[in-house]
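In the working numbering, the protein residues as written are 87 to 155. For glycine and all other residues, C-beta sits at the position ideal for the given N, C-alpha and C.
Following this line, the structure appears as structure tokens:
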């Protein structure tokens, strides 16, 4: 049986490398999407917290203005 041609080995290696690179690309895309979702969630919680803080401060101002009159 003749030995495989070196080009056959290169073709197999290139195919494996391409498969690994595509899997890595897919993993990076998923990670990027996950990070985007996480950033959105953190931003949303920060907005909710800031809105709650503003509402609490406004309520204190209203209470003080009512007691002043």
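Straight-line gap, residue 48 to residue 93 (C-alpha atoms, nearest Å)
Shown here, the chain extends from 87 to 155; a query on residue 48 therefore has no answer.
Taking 8 Å as the limit between beta carbons, can you name the residues of its chain near residue 99, skipping five residues before and five after?
Residue 99 sits at position 13 when you count from the first residue of the chain shown. Excluding sequence neighbours, residue 99 sits near nothing in its chain.
As assigned by DSSP and simplified to three states, the class of residue 143
Here residue 143 refers to the residue found at position 57 of the chain shown. Here residue 143 sits in helix by DSSP.
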